[in-house]
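Here is the structure we will look at.
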Amino acid sequence: MSEPAADDSGPHWDDVVDVICVGSHPGVLAYGLCCAAADLDVLVIDPPARPDPVLDEFTAAMIEDLGDPAPDASLAVHSVRPAPAAESRTRHDFVGPRLRDWSARCLASPLAVLLTEVSDVLVEMLADDGEPITAAVLGGYQAPLERWLRDRAAEQELTADGALEALVLDGGRIAGVRLADGSTVAATAGLALPIGPEADPEIDDSGELEVVVVGRPFARFVRVELLRR
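Under our numbering, read the sequence shown as residues 113 to 341, first letter to last.
Now the structure itself:
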């Protein structure tokens, strides 16, 4: 953690990190791992012991237009290629039905994550069908996936250090957290929150695969998928 900057215009922060991961949900740990690999300062905390109105309101706002998708525990397997460097895209290209479809697919996945800020750590690529995606490769897949992720997180010391008491707003945006011990921590690059059903992921592919965190440009939802080498 870094020393908080002196600023009387907003909340007082006891500590400042880049990313806060809430809980040990495998998708959240996967996102924490890709942030740590990008040299970001990551704090993992336990979820709140009681409901937090700000957290509940934010989550409800992000999923209210997505319906009630049936849980889908299958783990997608893709081939990807780098996106053309000269190809420029705007936010307008990805709003509407395309982002809504991706968000609903994540909501159905047991390995999905809801972000409070659009991620900057995922690299733009193209899926095998030509769809623009963002992704970060974590390493070669080993079964079972959840144990693999937890072991990798433990190696990186991404284990819970405190428990969430409440989210803290600054200017209407989620800026950090108040922990159960009363201390406050700012997250300059946002929070990663668990989302989706609890289920064991189903993998119906074989061969050499890599674990990858996948999103869409400008999306607040990401999820764990597999990449065919």
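The beta carbon of each residue, even a glycine, is placed where N, CA and C say it ideally should be.
Query                                                                                                                                                                                         : Result
Report the rounded CA-to-CA distance for Asp164 versus Gly294, giving the unit in angstroms.                                                                                                  : 15 Å
Within the same chain, show all residues whose beta-carbon is closer than 6 Å to that of Leu122, passing over the 5 residues directly before and after it, in chain order.                    : Just to set this straight, residue 122 is Gly in the shown sequence, not Leu. Correct list, in chain order: Asp282.
Indicate the three-state DSSP secondary structure (helix, strand or coil) for Asp312 in the structure shown.                                                                                  : coil
Give the DSSP-derived three-state secondary structure of Gly348 in the structure shown.                                                                                                       : Missing from the structure shown is residue 348; the chain here goes from 113 to 341 and no further.
With H, G and I counted as helix, E and B as strand and the rest as coil, what does DSSP make of Pro244?                                                                                      : strand
What's the C-alpha gap between Val344 and Leu339?                                                                                                                                             : Absent from the model: residue 344. The displayed extent of the chain is 113 to 341, so no value can be given.
Which residues share a DSSP beta bridge with His137?                                                                                                                                          : Answer is none; His137 lacks a bridge partner.
Need the endpoints of the alpha helix (DSSP H) that Asp263 sits in, please.                                                                                                                   : 257 to 267
Pop quiz: Leu305 and Asp158 are said to be a contact at Cβ under 8 Å. What is the actual Cβ separation, rounded to whole angstroms?                                                           : Wrong, their Cβ atoms sit about 13 Å apart, outside the cutoff.
When DSSP builds the beta bridges, which residues end up paired with Ser186?                                                                                                                  : Glu314
CB Glu320 to CB Gly252, shorter than 8 Å?                                                                                                                                                     : yes
DSSP three-state label for Thr228, please.                                                                                                                                                    : coil
Short of 6 Å in beta carbon distance, which residues of its chain neighbour Cys218, apart from the five on each side in sequence? Order them along the chain.                                 : Ala224, Phe333, Arg335
Quick check on Val128: does DSSP put it in helix, strand or coil?                                                                                                                             : strand
Can you find the residues in the same chain that come closer than 8 Å, C-beta to C-beta, to Leu178, ignoring five residues on each side of it along the sequence?                             : Arg212, Ser215, Ala216, Leu219
Taking Asp282 as part of the beta strand (DSSP E), name the residues at either end of that continuous run.                                                                                    : 276 to 282
Decide if Ala182 is buried, meaning its Cβ has at least 16 other Cβ atoms within 10 Å, or exposed.                                                                                            : exposed
Could you tell me which of Leu303, Thr296, Pro244 sits nearest to His190, measuring between CA atoms?                                                                                         : Pro244
Would Ile286 pass as a contact of Thr228 if the rule is Cβ separation under 8 Å?                                                                                                              : yes
Kindly indicate which three-state DSSP category Arg162 falls into: helix, strand or coil?                                                                                                     : coil
Go ahead and label His204 buried or exposed: buried means 16 or more other beta carbons lie within 10 angstroms of its beta carbon, across all protein chains shown.                          : Low local confidence applies: a pLDDT of 46 at His204 is under 50, so the model's placement there is unreliable, and no value is given.
Keeping to the same chain, check which residues put their C-beta closer than 6 Å to that of Ala185; ignore five residues upstream and five downstream.                                        : Pro222, Ala311, Pro313, Glu314
Could you tell me the boundaries of the beta strand (DSSP E) in which Pro194 lies?                                                                                                            : 192 to 194
Please go through the same chain and pick out, in chain order, the residues whose beta-carbon is closer than 6 Å to the beta-carbon of Glu261, but skip the five residues on each side of it. : The sequence shown places Leu at residue 261, rather than the Glu named in the question. Only Pro138, Leu141, Ala142 meet the Cβ criterion.
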